[in-house]
Amino acid sequence: MALLELDGVDALYGRIQALRKVSITVDKGEVVALIGSNGAGKTTTLRTISGLMHPASGTIKFDGREITTTRPSKIVELGICQSPEGRRLFPRMTVVDNLVMGAYTRNDKPAIASDMDRVFTLFPRLKERRTQIAGTLSGGEQQMLAMGRALMARPKLMMLDEPSLGLAPILIETIFSIVREINSQGTTVLLVEQNANKALEVANRAYVLETGVIVQEGSGRELLASEAVQKAYLGM
Amino acid sequence: MSLPDYGFYILCGTAVILLLTEAVRDTTNFAQTLVFGLTQGAIFALVALGYTMVYGIIELINFAHGDVFTLSAYVGTTILGLFAVNEGSFTALNLAVLVIIFPVVMLIMGGINVAIERVAYRPLRNAPRLAPLITAIGMSFFLEGVMFLWKGPATVHFPNILPQWTTTVAGVFFGFKDIFVIVTAAILVALLAFFINRTRLGKAMRATAQDRDAAQLMGIDINRTIAATFFIGALLAGAGGIIYGLYYGTVYYQLGFRTGLIAFTAAVFGGIGNIPGAAIGGLIIGLTAAFSDIYIGGRWTQVVIFGILIGVLVFRPTGLLGMRVPEK
Numbered sequence: 001m002a003l004l005e006l007d008g009v010d011a012l013y014g015r016i017q018a019l020r021k022v023s024i025t026v027d028k029g030e031v032v033a034l035i036g037s038n039g040a041g042k043t044t045t046l047r048t049i050s051g052l053m054h055p056a057s058g059t060i061k062f063d064g065r066e067i068t069t070t071r072p073s074k075i076v077e078l079g080i081c082q083s084p085e086g087r088r089l090f091p092r093m094t095v096v097d098n099l100v101m102g103a104y105t106r107n108d109k110p111a112i113a114s115d116m117d118r119v120f121t122l123f124p125r126l127k128e129r130r131t132q133i134a135g136t137l138s139g140g141e142q143q144m145l146a147m148g149r150a151l152m153a154r155p156k157l158m159m160l161d162e163p164s165l166g167l168a169p170i171l172i173e174t175i176f177s178i179v180r181e182i183n184s185q186g187t188t189v190l191l192v193e194q195n196a197n198k199a200l201e202v203a204n205r206a207y208v209l210e211t212g213v214i215v216q217e218g219s220g221r222e223l224l225a226s227e228a229v230q231k232a233y234l235g236m
Numbered sequence: 001m002s003l004p005d006y007g008f009y010i011l012c013g014t015a016v017i018l019l020l021t022e023a024v025r026d027t028t029n030f031a032q033t034l035v036f037g038l039t040q041g042a043i044f045a046l047v048a049l050g051y052t053m054v055y056g057i058i059e060l061i062n063f064a065h066g067d068v069f070t071l072s073a074y075v076g077t078t079i080l081g082l083f084a085v086n087e088g089s090f091t092a093l094n095l096a097v098l099v100i101i102f103p104v105v106m107l108i109m110g111g112i113n114v115a116i117e118r119v120a121y122r123p124l125r126n127a128p129r130l131a132p133l134i135t136a137i138g139m140s141f142f143l144e145g146v147m148f149l150w151k152g153p154a155t156v157h158f159p160n161i162l163p164q165w166t167t168t169v170a171g172v173f174f175g176f177k178d179i180f181v182i183v184t185a186a187i188l189v190a191l192l193a194f195f196i197n198r199t200r201l202g203k204a205m206r207a208t209a210q211d212r213d214a215a216q217l218m219g220i221d222i223n224r225t226i227a228a229t230f231f232i233g234a235l236l237a238g239a240g241g242i243i244y245g246l247y248y249g250t251v252y253y254q255l256g257f258r259t260g261l262i263a264f265t266a267a268v269f270g271g272i273g274n275i276p277g278a279a280i281g282g283l284i285i286g287l288t289a290a291f292s293d294i295y296i297g298g299r300w301t302q303v304v305i306f307g308i309l310i311g312v313l314v315f316r317p318t319g320l321l322g323m324r325v326p327e328k
């Protein structure tokens, strides 16, 4: 069953068209990857889903409900949370306070506390650094905190924007294995990546975005095997 | 540490050494000035907090803030006029009025400031930064015009309903007024610190200030946090206006222009956007003004204060507590 459905979405920055008739479906329980090069419109797609910008035309549906022009805070309440590109932590807040902000839309204190324990189990490093100011964490720790913060909303759909960007290869492995784990615990994931190889390995299905247009879609394995994708994104 | 940093420390160090020499030479005079400086510094601090909070969250220098401060004194004196308060001695009625005047005026000013944000700044949220800045100046003139029409160009009397008790300790003269101003300001700053650091809305305000998009992605309604910031800034300015009226006894419609600029200097000195910085900056600017009045001469005080503004902007734009602004 489709959890998220974008149908013919156009998005504009002023007069520049960033997305052209983008249609994406994410089913419950899936990991879907959105790959493409810099400036292809991947982040714009996520911003549009999150409600930070609204489509010029087309519709977005989430969990059977139209959210095309819903405001961002409402969208979070409905169950979409994003770990944005560049992490975008609250740099002068502690690790714990960043996680608390992630649970901003929730009121159930005991459940929030147990979710924080869950985040600390997924990312033991964050537990060690719980009172540290987020801006002073290393790149890898910041990425873990960004993902942990998004999890704190207990989202039905978690969107990850470039989680591997700027990380050492060993950390990239960790991050992707955690993406798998989060998914196996029941959260649907929409993953945006330039690291197409890794993304396609994790993803059930994937879309290829090129200058604002979806040019290809298929299962992760199909796209990994596809000649065009190999040439353009996998450096083969 | 860079060269401008050294310049900043050398300037501050020189000022402190000169003051210490004076403190040794004539301790009584120094202590007397210190008391006065702390008192007016407490008032500057209350106003400076509103500047810095608004700047921190929407990067707007809210030039109308000084006038919100003045307007609260106008509202305060009007409300006091409704009661038969006794200015000669401290009666039970005075106490009762004193207890209610603060919350009433503060809430009224909070409401007014939220309305100002709604009509004058929110429509320009995504406009180039100069646009809301100009609107803020316009709003400042508007509020001054309202006060001019309301009570005329002359100074307006503010009833002194505080106890008249005064004393002299080791040659230093002070009264209940001085203690009242400093204690009230300290309580308000402590409440603000608690609110900002411990409550859900306070944390959401900090999150909005640190990264507005990320705050939205966490489900924070930024219209609400921004309105709350204006509300709280006006609560503090409102209290500041009443305290000012009680302390000095008169206000006039353009008071907020100068006080606002001085409080703004205090906010910049402490590090614009930095809340503890604004409180400390207010105290330091208040002390500076008092010491300048006594040791350099009153006519130089504005030169000294705005000289500090220029000096901080040149040598240390991030201010005393130097908030490191994250790269975006």
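Respectively, the protein sequence lines represent chains A and B. Residue 1 is where the first sequence starts when you use the numbering used here, and the numbers rise one by one after that. Residue 1 is where the second sequence starts when you use the numbering used here, and the numbers rise one by one after that. No residue lacks a Cβ here, since even glycine has one placed at the ideal position from N, Cα and C.
Take the alpha-carbon of residue 228(A) and the one of residue 123(A): they are about 36 Å apart. When secondary structure is reduced to three states using DSSP, residue 190(A) falls in the strand class. In the DSSP assignment, residue 120(A) falls outside any beta strand (DSSP E) and lies within the alpha helix (DSSP H) extending over 109-122. Beta-bridge analysis with DSSP links residue 213(B) to no other residue.
In the DSSP assignment, residue 61(A) forms a beta bridge with 5(A), 66(A). In terms of beta-carbon proximity, residue 207(B) lines the interface with chain A, with at least one pair separated by less than 7 Å.
Residues 175, 176 of the same chain have their beta carbon placed closer than 7 Å to that of residue 165(B), with the five preceding and five following residues left out of the count. Proximity of the region 58-70 of chain B to the region 227-239 of chain B meets the contact definition, three or more beta-carbon pairs being nearer than 8 Å.
Not flagged as an interface residue toward chain A: residue 277(B), since no C-beta distance is shorter than 7 Å. Interface annotation, residue 220(B): in contact with chain A, CB-CB separation under 7 Å. Identification of chain A residues near residue 216(B) by a Cβ-Cβ cut-off of 7 Å yields 52, 72, 73, ordered along the chain. The region 301-312 of chain B makes contact with the region 249-265 of chain B; the number of CB pairs closer than 8 Å reaches 3 or more.
Under the three-state reduction of DSSP, residue 35(A) is assigned to strand. As a beta-bridge residue in DSSP terms, residue 81(A) pairs with 158(A). By the neighbour-count criterion, in which a residue is buried when 16 or more other Cβ atoms sit within 10 angstroms of its Cβ, residue 8(A) is exposed. One alpha carbon belongs to residue 234(A), the other to residue 221(A), and they sit about 13 Å apart.
Taking all protein chains in view, the Cβ of residue 22(A) is crowded by 16 or more other Cβ atoms within 10 Å, so the residue is classified as buried.
When DSSP reads this structure, residue 217(A) sits in a beta bridge with 207(A). Residue 166(A) sits away from residue 140(A), with the two beta carbons spaced by 7 Å or more. Residue-level contact check: residue 155(A) does not touch chain B, since none of the beta carbons of chain B fall below 7 Å from its beta carbon.
Secondary structure of residue 132(A) (DSSP, three-state): coil.
Approximately 4 Å separates the beta-carbon atoms of residue 117(B) and residue 230(B); this is inside 8 Å, confirming the contact.
Taking 7 Å as the threshold, the shortest C-beta distance from residue 84(A) to chain B falls below it. Three or more beta-carbon pairs separated by less than 8 Å link the region 45-57 of chain B to the region 271-279 of chain B, which places the two stretches in contact. Across the structure, residue 27(B) and residue 283(B) are spaced so that their CA atoms are roughly 20 Å apart.
One Cα belongs to residue 113(B), the other to residue 174(A), and the distance between them is close to 49 Å. At a cut-off of 7 Å, the C-beta of residue 5(B) has no neighbouring C-beta in chain A. Within the model, the alpha-carbon separation for residue 209(A) versus residue 87(A) is close to 22 Å. In terms of Cβ geometry, residue 203(A) and residue 33(A) form a close pair [threshold 7 Å].
For residue 13(A), no CB of chain B lies under 7 Å from its own CB, so it is not counted at the interface with that chain. When rounded, the separation of the alpha-carbon atoms in residue 55(A) and residue 48(A) is 6 Å. The beta carbon of residue 30(B) is closer than 6 Å to those of 22, 23 in its chain, skipping five residues each way along the sequence.
The beta-bridge partner set that DSSP reports for residue 10(A) consists of 57(A). With fewer than 16 other Cβ atoms from the protein chains shown falling within 10 Å of its own Cβ, residue 194(B) counts as exposed. Annotation: residue 175(B) is outside any alpha helix (DSSP H); the continuous beta strand (DSSP E) that includes it extends over 172-175.
One finds 101, 104 in chain A with Cβ atoms closer than 8 Å to the Cβ of residue 204(B), taken in chain order.
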